[in-house]
Each structure stands twice: as structure tokens, then as C-alpha cells.
Amino acid sequence: MIEIRNYNCEEDIRYTVQVHRLILRLIGVWPVLEKSWHGKRLLKRLLNCVCCFLLSFNLIPWALHMFVIIDTFKARLRMLGALCFYTMVYVIYCMLIHQEDRIRDCVRHVEEDWRNVKDVNDRKIMLDKAKLGRFILITATLFLFTSGFTHRLIKPIIRGSIVVNENLTIRPLVQGNYYIFFDPQQSPAYEIVFSVQCLSGIVIYIVTASVCGVTALFTMHACGQLEMLISWLENLASDDQLWKDHVAARRLATIILHHVRIRK
98 MIEIRNYNCE EDIRYTVQVH RLILRLIGVW PVLEKSWHGK RLLKRLLNCV
148 CCFLLSFNLI PWALHMFVII DTFKARLRML GALCFYTMVY VIYCMLIHQE
198 DRIRDCVRHV EEDWRNVKDV NDRKIMLDKA KLGRFILITA TLFLFTSGFT
248 HRLIKPIIRG SIVVNENLTI RPLVQGNYYI FFDPQQSPAY EIVFSVQCLS
298 GIVIYIVTAS VCGVTALFTM HACGQLEMLI SWLENLASDD QLWKDHVAAR
348 RLATIILHHV RIRK
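All residue numbers for the sequence shown refer to my numbering, where the first residue is 98 and numbers rise by one.
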């Protein structure tokens, strides 16, 4: 075991959380780690309100369209999947806001683990897991935005306007919704609704990717810590000199304490 002092710990921490922090900050769910900066907290709350509005703008008119406009069971059944998905995304976003303190504790736990690295092999293991966590988040984000915007933006544009008669033309929207207080086919309501629906789609995909990102970040980090424990145990079992010098007991105690820390 080659012991080192990890002078690159801050850079390693930045590499581990960089992409996750960027994605989660876009929807205001990345925890503020600095206690004294109230401006960031205010901006987060404002961003939370905007995202909740956009998610509600997508969910509520869809539900109204499903239960008020649509009058056949078969058509409602086709819309049920999307309704469940939009509801799930809204609940997930609220849970991410509610669990901010726990996410902050986990991020600080990750930072502390990086600052405690004293072995070249341990650092390599943690970097490999951090790289895998970043890859999972980037892949999920690209997949969601590529498939999502093909459906929400490109498909309505390709479909084009539908001419019912000389006096009525239905312009395409991202999805069929029911708005009680205005007609979305009239300008400038149409342009505003179309733009807000696209923005709500962005929030939906970021929320979904954020769940994948948070899960990947902490799961891969925990896997890295467990892999380090395996490496420590293998080194302990293969080095007879440690047992002769009575160092093994202290190493074993360290391994047990670290395992307890991982479980927490």
C-alpha cells in the first residue's frame, strides 16, 4: 500500500460532482453548501417556483383535457400513461426539494471521503467510479433530450397546421391541453403556450435526468468505497509482516469503522 497525501482532492471532488451539480442547479435542487450566502438560497427558491409552475402548466391542462374534453374510455386510457408520468415527475421534483438536507449531507460525505484518500490505488478506484457516475448521467440526459424533443418539438412542426375549413385552422401544439380562460389557437396565446410547453418539457427531462444523476453519484461512490474495502482486506490477508508487527488489528479496526461509515 503506497500512502500519499491527495493534493488533488479539491480537483477530484470537482470532477466527481461537476456534471451532477450543473444539471441539478438548472432546476434549483443542488444543495447550497455555503451557509453565509443568502443570495444563492433566494435564487434557488425562485427557480423552484418557476419549475413548479412549468410542471403544473404541463400537468393540469393535460388532466383537464383528459377528463373534460375527451369523452371516450379508450382515448382516456391512451392519455393515462402520460398523466401518470407527468404526476410522477412533479412528485419527484417536490421530493428532491424536500430531501435537500439529506443530499447536502451525502455530498459532504463524498467530499470528506476524497479528502481522506491516502492510497494511490484507492484514488484510482474512486476516480473510476466517479467517471462511471458522470457517464450514466450524461448518457441519460442525452437520451432524454434527444427522444423528448423529437416528440415535443420536431413532431408538431413536421405535422403542421390542420385546415378544418376556410375559417378554421388548427395550429400544432406540443400536446393537446385544455385551457379554461383562453383559446390557445389565437395569437399571441398560441406562441406563448407553445414556448411554455417546450420549457416545461426541458424541466421534465432535467428532473428525470437529475434522479438518475443523484442515484448514480451516490451509488457509484458507495461501490467505490466497498471496492476499496475489498482491496484493504486482500492486502491485509496477503501481507504476513502486518500480522507479525501487530499492525493488522489496527488495520482491521479501520476497515470495520469505514464499513460502518459506508452503511450510514
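For each residue, glycine too, the CB sits at the ideal point set by N, CA and C.
Since the structure is predicted, the reported quantities are computational estimates derived from the model, not experimental observations.
Per the C-alpha coordinates, the member of 271, 222, 117 and 323 positioned closest to residue 204 is 117. Following the DSSP letters along the chain, one finds residue 284 in no alpha helix (DSSP H), marked with neither H nor E. Counting along the chain, the unbroken alpha helix (DSSP H) around residue 238 starts and ends at 217-246.
Residue nearest to residue 120 within the set 293, 243, 157 and 239 is 239 (criterion: CA-CA distance). Scanning its chain for C-beta atoms nearer than 7 Å, with the 5 sequence neighbours on each side dropped, one finds around residue 160 the residues 180, in chain order. By the neighbour-count definition (other C-beta atoms within 10 Å, threshold 16), residue 244 is an exposed residue. Setting aside the 5 residues that flank it on each side, residue 277 is surrounded in the same chain by 161, each with a C-beta closer than 8 Å to its C-beta; the list follows chain order. As the crow flies, the alpha-carbon of residue 233 is around 30 Å from that of residue 354. When DSSP states are grouped into helix, strand and coil, residue 299 belongs to the helix group. In this structure, DSSP gives residue 189 a helical state, which the three-state scheme calls helix. Looking from the CA of residue 286, the closest CA among 270, 318, 327 and 182 belongs to 270.
In the three-state DSSP reduction, residue 294 falls in the helix class (H, G or I). In this structure, residue 213 keeps its C-beta atom at 8 Å or more from the C-beta atom of residue 328. The beta carbon of residue 207 sits closer than 6 Å to the beta carbons of 318 from its chain, once the five residues preceding and following it are set aside; these are given in chain order.
Only residues of its own chain outside the window of five on either side were considered, and among them 270 and 271 have a CB closer than 7 Å to the CB of residue 291, listed in chain order. The straight-line gap separating the alpha-carbon atoms of residue 279 and residue 158 is approximately 12 Å. Here the C-alpha atom of residue 358 lies approximately 19 Å from the C-alpha atom of residue 113. The beta carbons of residue 148 and residue 190 sit about 6 Å from each other, so the pair counts as a contact at 8 Å. Excluding five sequence positions before and after residue 109, the CB atoms of its chain that fall closer than 6 Å to its own CB belong to 211, given in chain order. Between residue 171 and residue 320 a beta carbon distance of about 46 Å is seen, past the 8 Å cut, so the two are scored as non-contacting. Closest in alpha carbon position to residue 324, among 107, 221, 144 and 146, is 221.
When secondary structure is reduced to three states using DSSP, residue 167 falls in the coil class, being assigned neither helix nor strand. Counting along the chain, the unbroken alpha helix (DSSP H) around residue 142 starts and ends at 135-161. The beta carbon of residue 144 sits closer than 6 Å to the beta carbons of 125 from its chain, once the five residues preceding and following it are set aside; these are given in chain order.
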